[in-house]
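Under our numbering, the sequence shown has 343 at position 85, and the numbering climbs by one with no breaks.
By construction, the Cβ of each residue, glycine as well, lies at the ideal position given by its N, Cα and C atoms.
Since the structure is predicted, the reported quantities are computational estimates derived from the model, not experimental observations.
Please read the structure below before turning to the comments.
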Amino acid sequence: MADFAAGTWNLAHTENFDEYMKAVGVGMVMRKLGGTQKPTQEITVDGDNWHIKTITTFKTSELKFKLNEPFDEHTIDGRNVKTTCKLEGQKLIQDQKGEPESMITREFNGNEMKMMLTAKGVTCTRTYHKAG
Ligand code: DKA
């Protein structure tokens, strides 16, 4: 059981998010708004079934998936992609096939979760801390 991932995570630090949003096609107004957000991610895990709820002040996205099974995802940045998530050790890899392709990893290490988002050669790093 991936207990290491379960819990509530708050954004503590972010680098290059504007460049990443540009790479995935987010327009200027939404990028400005996105850049001000400090999301909370609520993660629950039940065997291979994961639920990730990302909450911002203007948008909430829910990702429900089973590891290694492709599913249709409507991303928080507005893309429709075919996504497969897999777990490698304590790293969750979210592989989004679509336009453009993107790879999002969340690496869990105690009370810190390091998220890396990559598209079109641009990488953004976001560090989350566990609440409580
Ligand atoms: C993350 O989970 C990355 C996604 C945050 C979305 C914020 C709003 C973006 C609006 C285009 O940290």
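Item: Could you tell me whether the Cβ atoms of Ala389 and Thr266 are closer together than 7 Å?; Value: yes
Item: Could you tell me whether the Cβ of Asp335 comes closer than 7 Å to any Cβ of chain B?; Value: Here there is only one protein chain, and chain B is not present.
Item: Do you know how far the Cα of Ala270 is from the Cα of Thr376?; Value: 19 Å
Item: Is it the case that the CB of Met371 approaches a heavy atom of the ligand NAD more closely than 6 Å?; Value: The ligand NAD is absent from the structure shown, which contains only the ligand DKA.
Item: Quick check on DSSP: helix, strand or coil for Ala270?; Value: strand
Item: Which same chain residues end up closer than 7 Å to Ser319 when comparing Cβ atoms and leaving out the 5 residues on each side of it in sequence?; Value: Thr312 and Ile334
Item: Using 10 angstroms around the beta-carbon of Val287, count the other beta-carbons present and answer buried if the total reaches 16, otherwise exposed.; Value: exposed
Item: By the three-class DSSP mapping on this structure, what secondary structure does Val339 have?; Value: strand
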